Amino acid sequence: MTKRNSILTGVSRAAELHDEMGLRDKLKDGSKAIDVFAVIAALKVMVLFRPLEGLLGAYVPTPNAAGMLITTQRNLHIQRFTASHELGHHVLKHHAPSLDLNVGFVARGEKNGHEPQEVEADAFASEFLLPAWLIAAHARRQGWGRAELKRAEIVYQLSLRLAASYSATCWALASAKFISQADANALASLPPKKSKMQALEDVAPPSWHPDVWVLSKRDQGSQLIGGPDDFLVLSLEEHSGGGYEWDMDPLPSVGLSVRADQRIDKSAEPALIGSPITRRVVAQSSAPGRTRLKLEERRPWEGSGNAINRVEFDLALWGKEPVGLLRPERMLAA
Ligand SMILES: [Zn+2]
1131 MTKRNSILTG
1141 VSRAAELHDE
1151 MGLRDKLKDG
1161 SKAIDVFAVI
1171 AALKVMVLFR
1181 PLEGLLGAYV
1191 PTPNAAGMLI
1201 TTQRNLHIQR
1211 FTASHELGHH
1221 VLKHHAPSLD
1231 LNVGFVARGE
1241 KNGHEPQEVE
1251 ADAFASEFLL
1261 PAWLIAAHAR
1271 RQGWGRAELK
1281 RAEIVYQLSL
1291 RLAASYSATC
1301 WALASAKFIS
1311 QADANALASL
1321 PPKKSKMQAL
1331 EDVAPPSWHP
1341 DVWVLSKRDQ
1351 GSQLIGGPDD
1361 FLVLSLEEHS
1371 GGGYEWDMDP
1381 LPSVGLSVRA
1391 DQRIDKSAEP
1401 ALIGSPITRR
1411 VVAQSSAPGR
1421 TRLKLEERRP
1431 WEGSGNAINR
1441 VEFDLALWGK
1451 EPVGLLRPER
1461 MLAA
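Now the structure itself:
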């Protein structure tokens, strides 16, 4: 079998599994990433997280049950991609165990040195987590066209929403033909730190490790799969002329500390449509967990019933999976 056939086998099995699990319909509004761990649990594959040395993951088929090992030495995005690769071995009915030192090589265009089953599982992994239809759904919701998808800071924001690494997102955009391979190479060479700095402006984080989400009304109802010390940069139109303002009091009660809070007046911009005032708030999470953040725009002296705008986010800021079995509270799809 040629390498091309192996890739097609992996890709088509991923598309079938999307259909079997009803994922295309569930995720069509671009508000979520694929919850690979929920799919693995639904297929009754055992997952164990261990501090594997030199290995990203492994798939172990047995006659009665199948299991996978995933390293705890890498971040959540790599854990999710590795789990998707091991899921590929399972749903492609591979009978030999697989020890995986390297995943994502098909998307990166590494041509040689991989067994056909590895190519199948790896092509499955990319297609399952980052299919063109899911990228299109997120881009549609955010109003991103082909020009925006060539910008590093936009691709970085897209990668967060897909709960994938920035580089995996660059390759997926090329594979789905939203951008050229040359554009993907150029984007992948830019470190996400620059996009984080741009988003945070004058807020200096203690390290550049946390991710920085730029959130607007377009993210209403979205689920954010991130880390315990991630930053949220809220950018919301505010109708202060009528006395309305966004009530930011709920931030500390869900464990978010405010690092900056400002109003940006854009009334001098000639082509302005909508409210001239943008409320920009930078907040940082401080602990792992899942919570709902609900914000309202209303007059400070009026009650909740009089809000003129509301946004709500499902914050799943657990970070990477720790040593142990997959825990039920981490299932996001439900
Ligand atoms: Zn493998």
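Residues 1131 to 1464 (the working numbering) are what the sequence shown spells out, left to right. For each residue, glycine too, the CB sits at the ideal point set by N, CA and C. Bear in mind the structure is a predicted one, so any value in this text is a computation, not a measurement.
Sorting 1445, 1461, 1242 by C-alpha distance to the C-alpha of residue 1451 places 1461 at the top. Judged by their CB atoms, residue 1158 and residue 1352 are not nearer to each other than the 8 Å cut-off. In this structure, residue 1257 has its CB at a distance of at least 7 Å from all heavy atoms of ligand 1. Straight-line measurement puts the Cα of residue 1323 at about 27 Å from the Cα of residue 1395. Nearest C-alpha to residue 1140 among 1305, 1373, 1356, 1252: 1252.
Contact between residue 1279 and residue 1303 holds, with the beta-carbon distance rounding to 6 Å and staying under 8 Å. Shown here for residue 1212: same chain residues with a beta carbon closer than 6 Å to its own, the five before and five after excluded, namely 1186, 1187, 1200, 1233 in chain order. By the Cβ neighbour-count rule, residue 1360 is buried, with 16 or more other Cβ atoms within 10 Å of its own.
Closest option to residue 1367, judged by alpha-carbon separation, among 1426, 1420, 1339: 1426. The count of Cβ pairs closer than 8 Å, one atom from the stretch 1309-1327 and one from the stretch 1375-1384, stays below three, leaving the stretches out of contact. The distance from the Cβ of residue 1308 to that of residue 1164 is about 18 Å, inconsistent with a contact at the 8 Å cut-off. Rounded to the nearest angstrom, the Cβ distance from residue 1295 to residue 1208 is 7 Å, consistent with a contact under 8 Å. Within the stretch 1143-1191, the beta strand (DSSP E) runs of at least 3 residues that lie entirely inside it are, in chain order, 1176-1180, 1187-1191. Under the three-state reduction of DSSP output, residue 1431 falls in the coil class, being neither helix nor strand. A check of alpha carbon separations from residue 1266 across 1446, 1392, 1154 identifies 1154 as the nearest. The three-state reading of DSSP puts residue 1313 in helix, counting H, G and I together. Annotation for residue 1251 indicates a beta carbon within 7 Å of some heavy atom of ligand 1. As DSSP reads the structure, residue 1414 sits in a beta bridge with 1361, 1387.
The continuous beta strand (DSSP E) containing residue 1344 extends over residues 1342-1345. In the structure shown, residue 1223 adopts coil according to DSSP, grouped into three states. Here the alpha carbon of residue 1172 sits roughly 42 Å from the alpha carbon of residue 1331.
Assigned with DSSP and collapsed to three states, residue 1376 falls in strand.
Between residue 1390 and residue 1344, the C-beta spacing is not below 8 Å.
By the criterion of a C-beta distance shorter than 6 Å, residue 1282 is surrounded in its chain by 1317, 1320, 1325, once the five residues flanking it on both sides are discounted.
The three-state secondary structure of residue 1439, taken from DSSP, is strand.
Rounded to the nearest whole angstrom, the CA to CA distance from residue 1197 to residue 1219 is 11 Å. Taking each of 1135, 1132, 1181, 1134 in turn and checking the Cα distance to residue 1453, the smallest one comes out for 1181. Residue pairing from DSSP places residue 1419 in a beta bridge opposite 1447.
Counting every other CB atom within 10 Å of its CB across the protein chains shown gives residue 1371 a total below 16, marking it as exposed.
Judged by DSSP secondary structure, residue 1256 falls within the alpha helix (DSSP H) whose first and last residues are 1246-1259.
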